[in-house]
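So the protein lines, in turn, are chains L and G.
When we follow this note's numbering, the leftmost residue of the first sequence carries the number 2, and every step to the right adds one.
When we follow this note's numbering, the leftmost residue of the second sequence carries the number 33, and every step to the right adds one.
For glycine and all other residues, C-beta sits at the position ideal for the given N, C-alpha and C.
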Amino acid sequence: MAINILIVEDSTVMRSMISKTIHMSGIPIGEIYQAANGQQGLETLEENWIDLVIADINMPVMNGEEMIDRMQDNLVTRDIPVVVISTEGSQKRIDRLREKGVTFVHKPFTPEAVRDTIKTVTGIGDGDG
Amino acid sequence: MDDRISDILTSAAIETLERLAFIFTSPAEENNGLGSNFMSARVSFDGPFSGRLIMKMSQVVVLEMTGNMLGIDENEATIEEQSDAMKETINIICGNFLPIIGGNQAIFNINAPQIITEGNDEEGTAEAVAMLSFDEELCELYLFLDNDASL
């Protein structure tokens, strides 16, 4: 089953890197949506069916943590799995994110780390669908 | 200048450039200067201590780094893409460097990186310096701490 993924990240270069990594992963992909901050991410979630959100934390307008809180306050979006890809180094903040049910991948990431994380949180393997 | 902190900054930068952009650098044995064709970025941070990290990178390295990150020919990288690649790279170097110095329980806020335009250079004495060499090209990093900060 192909999945729709939303990438929420203020760096266009990083969005491109994550998108390319996903395309090379072997995971069946429907659509990849992109947003430059948490507010745009929420708007994209309202307008489209999203199966997985990949988000940075430090972003302008609305940061990733606030976006995640808003997702979890919404019945429609609260069960969408979220993977945070971030430079965050504070174990306190990482633990706080994990308590919200978020999976954390540290930057710089390897393509394998992103692929394996997506497979784990979505339950999808190579060639499913 | 603190040599221990400089060594940590050097290691963080080398690892980030390798893993993020497949740019394999080593500590520069000689500093022949960046010349006139380079790009600079700055990122500021606060937390248990505050300051800013400056990165100056030879244009040749910027192009290759951007091309590698985007998977395109380096000559196709636009100025906007190069700037974004610089900002993201210094953001990641800073994010990886600070917990090593401050401890992984410390909470730092890293502000949005900026490209440094001409005439807007940093003054003062750097707390730490990293000089990296890549095919005879240079990448320099400088850590400045705010007046009341100590490590």
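N- and C-terminal bounds of the beta strand (DSSP E) containing residue i
i, result
"G/Arg84", "Gly83 to Ser90"
"G/Asn123", "No beta strand (DSSP E) contains G/Asn123, which is instead part of the alpha helix (DSSP H) from Ile111 to Gly134."
Bridge-paired residues (DSSP) for residue i
i, result
"G/Met71", "G/Met89"
"L/Leu53", "L/Ile6"
"L/Gln212", "The question about residue 212 of chain L has no answer here: the residues shown for chain L are numbered 2 through 130."
"L/Val84", "L/Ile55 and L/Thr104"
"L/Val115", "In DSSP, L/Val115 forms no bridge with anything."
"G/Ser165", "G/Ser58 and G/Leu170"
"G/Leu175", "G/Leu85 and G/Ala160"
"G/Ile147", "G/Ala73"
Cutoff 8 Å: residue i Cβ touching any chain G Cβ
i, result
"L/Gly130", "Residue placement at L/Gly130 cannot be trusted, given a pLDDT of 44 that sits under 50; the coordinates are not used to answer."
"L/Gln73", "no"
"L/Thr88", "yes"
"L/Ser91", "yes"
Cutoff 8 Å: residue i Cβ touching any chain L Cβ
i, result
"G/Ala138", "yes"
"G/Asp116", "yes"
"G/Ala144", "yes"
"G/Glu113", "yes"
"G/Asn107", "no"
"G/Thr110", "no"
"G/Ile124", "yes"
Selection from the options that minimises the alpha carbon distance to residue i
i, options, result
"G/Leu66", "G/Val93, G/Thr149 and G/Asp178", "G/Val93"
"G/Pro145", "L/Lys93, L/Ile69, L/Asp74 and L/Met60", "L/Met60"
"L/His107", "G/Thr48, G/Phe70, G/Asn69 and G/Ser82", "G/Thr48"
"L/Ile51", "L/Gly39, L/Ile81, L/Met63 and L/Arg71", "L/Ile81"
"G/Met71", "G/Asp78, G/Pro59, G/Ala60 and G/Met97", "G/Met97"
"L/Ile86", "L/Arg99, L/His24 and L/Leu43", "L/Arg99"
"L/Ile33", "L/Ile4, L/Asp96 and L/Ser26", "L/Ile4"
Where the alpha helix (DSSP H) through residue i begins and ends
i, result
"L/Glu48", "Gly39 to Glu48"
"L/Val77", "That residue, L/Val77, is in no alpha helix (DSSP H); it is neither H nor E in DSSP."
"G/Asp39", "Asp35 to Ala53"
Chain L contacts from the segment 51-68 of chain G (Cβ-Cβ distance under 7 Å):
Arg51 and Leu52
When you check each C-beta in the segment 27-60 of chain L against every C-beta of chain G, which residues fall closer than 7 Å?
Asn59
Tell me which residues of the segment 34-50 of chain G have at least one Cβ-Cβ distance to chain L shorter than 7 Å, keeping chain order.
Thr48
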